[in-house]
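Visitor: After the structure tokens below, expect a handful of questions from me.
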Amino acid sequence: MALLELSGLTKRFGAFTALDDITLLIERGEVHCLLGENGAGKSTLCNLVFGVHRPDAGTMTLGGEPFDPRGPAEALQRGVVMVHQHFSLVPNMTVAENLMLGRASAVLKPQDIIVRMEQLAAEYGLEIDPEARIDELSVGERQRVEIIKCLLGDPQLLVLDEPTAVLQPDEIDALLAICRQVALRGKSVILVTHKLGEISRVADRTTVLRQGRIIATVAMEGADIRSLVRSMVGRDVQSAGSVLAAAVDIEGKTPAKSSSDVGPTSPGEAVLQISDLVYRDPHGVPRLDGLSLTVGTGEIVGIAGVEGNGQTELGLILAGLAAPSAGAIVVGGTQVTGCTPQEITDAGVGIVPEDRHAVACIKELSVAENLYLGAIGKFSRFGLLDKSARRKAAETMMRDFDVRASSPDVSMASLSGGNQQKAVLARELSLDPLVFLLAAQPTRGLDVGAIEAVYNRIRAARDDGLGVLLISSELEELMAVSDRIAVIYRGKLVGELAAGSFSREAIGAMMSGHAHV
Amino acid sequence: MIDEQMAVFIGSGLRLAVPIIFAATGEMLSERAGVLNLSLDGMMLMSAFTAALASWATGSPLIGVAAGVLVATAVAAAQAVLSVTLRANQLVVGIGFNILALGSTTFLYREIFGPLSRDPIPGFAQLNLPWLAHIPVIGPALANQTGLAYVSILMVVVTWLILKYTSFGLAVRAVGEDPRAADKAGISVARTRYLGVLYAGILAGLGGAFMSVADSNTFTENMTKGAGYLAITAVIFGGWNPWYTLAACLLFGFATALQFLVPALQLDVPVALLLLLPYLLALVAIAGFVGKSRQPSALTIPFERGG
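Top to bottom, those sequences are chains A and B. The letter at position 284 of the first sequence is residue 284 when you use our numbering, and the numbering goes up by one with no holes. Throughout, our numbering is defined as the position within the second sequence, counted from one, plus 517.
As structure tokens, this is what we get:
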């Protein structure tokens, strides 16, 4: 008998149907992967099983009994545990305190937890210092705490929502091994991912979701990976080429570059020069520690690194949103160290920031207004806005950059993530002057079609002679787009690879600080 | 002579600190859970009035305290419904309750006590503990306090124990720092916050009742004179730590008591200026310490479950 049975589950958020009539069996002792693009409904499905949301229609049974959790507490009681996409650990508490949270016993008994942690360390190799504070741990260690927290109570079903997105390659291997071990002990695992490479290594069965519906459920033994990809994106793989391969990480192989993918062999003069950049956060912790980098005209330089190694801060400083503690930044001969965003824009820098919603656009304003946020003066006459001129200009820009919206006057919030990002690119690439583009995590949260468009835009900018700095946590993306990849580790660049010599293993080793080139 | 004046100064400093200690200790726990009760002063004032009324009507100050605590807890429950369940702005709700408390107690006091306002209200006697009295200088001041004053220190210890050694305390800290994480660990954020606010209400009630039936044996209009606000300041000043908060409350108590000491020493300082001192101190404390001490991350932020 199946452990978990979902029948006819439907979940709507307002007018948007996130899940539509999902019927699915999860067997005991299996690792069941959920595959799908962003917005396919994977996370929503997990949240229904864990009681974070409640279904609008449909029923669930767990171990043959009706299962309708009104909250995580009830799901936990029934032996369903979940590791969330965003960690759910209290940052300023110790590991032991986090593990004790929500466990019954009026008086805290840290000793009991430590004993149980030792058991789990012996059983699964999950070791961690119980006295360490969460905010002192690395991302990989935090996830280990999450998994320990899940396994403490000897659960029946372990749900993992995109657990590998934040991990280094060797940590991913360890995590997948733990999934197998958990399944071997007769428990079930639901693993959400959009990376096929991981699925082929760990899954017993895979369910493909697209737009809230189940497209297929396949046993992995002898399954055809290409057909899985096809059902995931709803079109043939060939049409998307290396872009798609990068997006879904097929077999972990480096996508082959076609000749048009490769930029000029010798980049021109330096357009961005960063020397000995140091940044200390408000707590005095060094986030950037003497970083130096040069980007030439007509080249794309990728920055690889595990999140939290200073790439976010680098992006903020280049955008003028944070002031460096020391060091210098020169763009096209102009000193921009510690300058305001306006001055940096005037120096010819286009910015696609990491946090699209917070920094890149104002969601309540219209698309046209967003397209001309920094250039309001361009459309004012005698201090009044000339709306029709702006509207016309916006329409042209939307057509050029394929921003799909019913009109330039609809709010930015009504656009999909991909179209929002295209609008941001349109604005930044239309700046005049423009000599350098910073693209920080430019494809985060986008679907395959939009990813392809973003890649093409970045390549076109490079071909027009711009210097591009691409900061990304997706290794495949960097390898597909960059002419050169520099690896950041603890606020410093620890190595560099030129196009043609990219390898997952070499970059992965540098990202984890194990090897220096 | 000087010794005697010091004893009076210390005694009155402690006495004036007690209501703030009660209120601040409860408020500290509530804020650790993420709810700021700006209504603290209102809770105290309503409790002070109710305690005076009940004590006067029944002749028992103990019943007075019980009635005061009950009313303050009811205000806290209302605050909790509005700020936890209905997710109203905690500051606005608090201000509303304070205005309501001031208006209603003033009105009821004039209606009920009106001409009787000179009547003494039955209150607690001082305990006069001989074993404490033997300590030099501070001994007599420590020994001559009412029972409630000792209870206030006991509550600091109890609150510290709750936060450090019980799962409820752990839940409180988690809910105030990261309610989302606490929710996903299976803790009821709403229940924890309700209990935190009610705890603040009970202690503010004790503090308010102390003013009317243990300290002055009378009720006067707006008799808290902002003690609830001082308590909130003490929590910030004390960095959300029970012992530092206690120290901050004592500081405010002694600063207030200076108004008795300075004239007794025949120093030429205007009394009005001395009356201002604790509030001035509170401002300086906030300005100097707010940046340094880290408040619970989710303080005043209502929780709504989401993905």
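By construction, the Cβ of each residue, glycine as well, lies at the ideal position given by its N, Cα and C atoms.
(1) Which complete alpha helix (DSSP H) runs does the region 317 to 401 of chain A hold, if anything under 4 residues is left out?
(2) Please confirm whether B/LEU608 and B/LEU546 have their CB atoms less than 9 Å apart.
(3) Roughly how many angstroms separate the alpha carbons of A/GLU496 and B/LEU712, rounded to a whole number?
(4) Find the residues of chain A that neighbour B/SER705, judging by a C-beta separation of less than 7 Å, and give them in chain order.
(5) Using a C-beta to C-beta distance shorter than 7 Å, which residues of chain B count as neighbours of A/GLY102?
(6) Could you pull the start and end residues of the alpha helix (DSSP H) that B/PRO780 belongs to?
(7) Measuring only the C-alpha atoms, how far is B/GLU821 from A/GLY153?
(8) For A/ARG427, is the classification buried or exposed, using 16 other Cβ atoms within 10 angstroms of its Cβ as the cut-off for buried?
(9) For A/VAL182 and A/ILE148, what's the separation of their Cα atoms in angstroms?
(10) Any residues in the region 107 to 119 of chain A with a beta carbon nearer than 8 Å to a beta carbon of chain B? Which ones, in chain order?
(11) Which residues mark the beginning and the end of the beta strand (DSSP E) in which A/GLY305 is found?
(12) Mind checking if B/TYR682 is an interface residue toward chain A, Cβ cutoff 9 Å exclusive?
(13) Counting C-beta neighbours from all protein chains within 10 Å, is the total for A/PHE13 16 or more, i.e. buried, or is it exposed?
(14) Rounding to the nearest angstrom, what Cα-Cα distance links A/PRO264 and A/LEU438 in this structure?
(15) For B/THR750, report the span of its alpha helix (DSSP H) as first-last.
(16) Using only the alpha-carbon positions, how far apart do A/SER414 and A/GLY500 sit?
(17) Check distances from the C-beta atoms of the region 774 to 799 of chain B to those of chain A and list, in chain order, the residues that come in under 7 Å.
(18) Could you name the residues of chain B that A/SER105 contacts, counting a contact when the two beta carbons are closer than 8 Å?
(19) Where does A/VAL159 land, buried or exposed, given buried means 16+ other C-beta within 10 angstroms?
(20) Is A/LYS187 near A/ARG28, with beta carbons less than 9 Å apart?
(21) Establish whether the CB of A/MET93 and some CB of chain B are separated by less than 9 Å.
(22) Just the chain A side, please: which residues come within less than 9 Å of B/ALA699 by C-beta, in chain order?
(23) Checking the sheet assignment: what are the DSSP bridge partners for A/GLN273?
(24) For B/ALA550 and chain A, any beta-carbon pair shorter than 9 Å?
(25) Here's the rule I'm using: 16 or more other beta-carbon atoms within 10 Å means buried, otherwise exposed. How should B/TRP648 be labelled?
(26) Write down every uninterrupted run of the alpha helix (DSSP H) in the region 208 to 236 of chain A whose length is 4 residues or greater and which is fully enclosed by it, in chain order.
(27) Which chain A residues are close to B/ALA691, counting only those with a beta carbon under 9 Å from its beta carbon?
(28) What residues from chain B crowd round A/HIS194, counting only those whose CB sits closer than 8 Å?
(29) Could you list which residues in chain B have their beta carbon closer than 9 Å to that of A/VAL424, in chain order?
(30) Taking the alpha-carbon positions, what's the A/LEU272 to B/ARG604 distance?
(31) Starting from B/LEU557, trace the alpha helix (DSSP H) both ways and give me its first and last residue.
(32) Just how far apart, CA to CA, sit B/MET729 and B/LEU531?
(33) Start and end of the beta strand (DSSP E) containing A/LYS11?
(34) Mind checking if A/HIS357 is an interface residue toward chain B, Cβ cutoff 9 Å exclusive?
(35) Going by DSSP, what residues sit across from A/MET82 in a beta bridge?
(36) In three-state DSSP terms, what is B/GLY613?
Guide: This is what the structure gives:
(1) 341 to 346, 367 to 371 and 387 to 400
(2) no
(3) 56 Å
(4) ALA73
(5) ALA702, GLY703 and ILE704
(6) 759 to 781
(7) 26 Å
(8) buried
(9) 12 Å
(10) VAL107 and LEU108
(11) Where A/GLY305 is concerned, there is no enclosing beta strand (DSSP E), given that its DSSP letter is neither H nor E.
(12) yes
(13) exposed
(14) Confidence is the limiting factor: at A/PRO264 the pLDDT is only 48, short of 50, which leaves the residue's position unreliable, though a coordinate-based value still follows. Those two C-alpha atoms are separated by around 19 Å.
(15) 744 to 754
(16) 41 Å
(17) none
(18) SER684
(19) buried
(20) yes
(21) yes
(22) SER88, VAL90, LEU101 and GLY102
(23) A/THR294 and A/VAL330
(24) no
(25) exposed
(26) 225 to 233
(27) VAL90, MET93, GLU97, ASN98, LEU101 and GLY102
(28) In chain order: nothing, as chain B lies at least about 17 Å away.
(29) The premise fails here: A/VAL424 is roughly 24 Å from chain B at the closest Cβ pair, so nothing lies under 9 Å.
(30) 49 Å
(31) 557 to 575
(32) Looking at the sequence shown, residue 729 of chain B is not Met but Ser. Rounded to whole angstroms, B/SER729 to B/LEU531 spans 16 Å at the Cα level.
(33) 4 to 13
(34) no
(35) A/VAL159
(36) helix
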